[in-house]
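Residue numbers (full-length UniProt numbering): 1 to 212.
All residues carry an ideal CB built from backbone N, CA and C; glycine is no exception.
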Ligand code: PRT
Ligand code: ZN
């Protein structure tokens with residue numbers, strides 16, 4: 001029998017909620033530690049555990065049919081995937097932040113600054129949209145310390161509670177993107193896989209309705 005292949009985050013902020021959503025959809029998966037792959041016992045579903053950054057590529061290539069990943073990652077990676085459903089978890093925003101002492105009035109104040117971020121593609125689009133010239137410094141982690149060590153004048157990073165910014169003496173000045181976990185799918189699914197996806201989406205929508 002045909003199976004639907006889903007990619008979810010191996011570990012990190014979206015892992016537990018992704019597993020929980022599948023459970024709430026009545027899908028039992030045995031999620032052994034350090035497993036890279038598992039199968040559901042009561043739904044034709046194969047589960048791949050991956051780094052979130054790799055999920056859009058796997059879906060575009062059709063190695064996975066669908067996946068659960070932050071919309072921020074889908075947009076940054078510029079892969080051709082369909083966003084099928086927003087999932088109401090992993091909510092955050094991608095925001096510009098500057099040191100508290102920075103006298104910030106408008107986006108114009110970002111002109112000629114150095115901006116540290118792990119999201120160069122989305123930041124470049126934001127700057128272009130606003131007609132701002134600035135230098136983007138791509139760094140893969142600990143973006144919040146960049147202004148403090150003299151690497152950048154501003155940062156663009158994910159924010160949820162805001163406490164990380166606060167602890168690093170930064171203030172949030174622009175929301176670039178609002179994001180949450182989404183179900184993304186490959187553009188060219190086989191009819192069998194599309195049917196299984198429809199079935200899964202139907203269940204996800206029921207789970208979401210029950211929570212409202
Ligand atoms: O190992 P892997 O590559 O899979 O994971 P990762 O470390 O790249 O990602 P992970 O697990 O940190 O985040 C996965 C996804 O969760 C992100 O792509 C977002 O879609 C979503 N998400 C939601 C967040 C946050 N909230 C969040 N607060 N991702 C990261 N953060 C970080 C942020 O970068 C900053 O360092 O949390 C800090 C800020 O949090 P607050 O609460 O202090 O504002
Ligand atoms: Zn990642």
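What residue does the beta strand (DSSP E) around residue 172 start on, and which one ends it? Taking the first residue of the chain shown as position 1, residue 172 is located at position 172. Note, residue 172: beta strand (DSSP E), 170-179.
Beta-carbon proximity of residue 93 to residue 177, cut-off 8 Å: The residue you call residue 93 lines up with position 93 of the chain shown. The residue you call residue 177 lines up with position 177 of the chain shown. Result yes, Cβ atoms of residue 93 and residue 177 sit closer than 8 Å.
From the beta carbon of residue 178, is the nearest beta carbon of chain C less than 8 Å away? The chain labelled as chain C is not found in the depicted structure, where only one protein chain is given.
Going by C-alpha distance, which of 157, 120 and 122 is nearest residue 145? Stepping through the chain shown from its first residue, residue 145 is reached at position 145. Comparing Cα-Cα distances from residue 145 to each of 157, 120 and 122, the minimum goes to 157.
Can you list every residue whose CB sits closer than 6 Å to some heavy atom of the ligand ZN, going in chain order? 51, 52 and 53
With DSSP run on the structure shown, which of helix, strand or coil describes residue 80? As a first step, residue 80 must be located in the chain shown, where it is residue number 80. Reduced to three states, the DSSP call for residue 80 is coil.
Residue 215 versus residue 131 - alpha carbon distance: This structure cannot speak to residue 215, because the chain is shown only from 1 to 212.
How about residue 77 and residue 56: do their beta carbons lie closer than 8 Å? The residue given as residue 77 occupies position 77 in the chain shown. The residue given as residue 56 occupies position 56 in the chain shown. Taking 8 Å as the Cβ cut-off, residue 77 and residue 56 qualify as a contacting pair.
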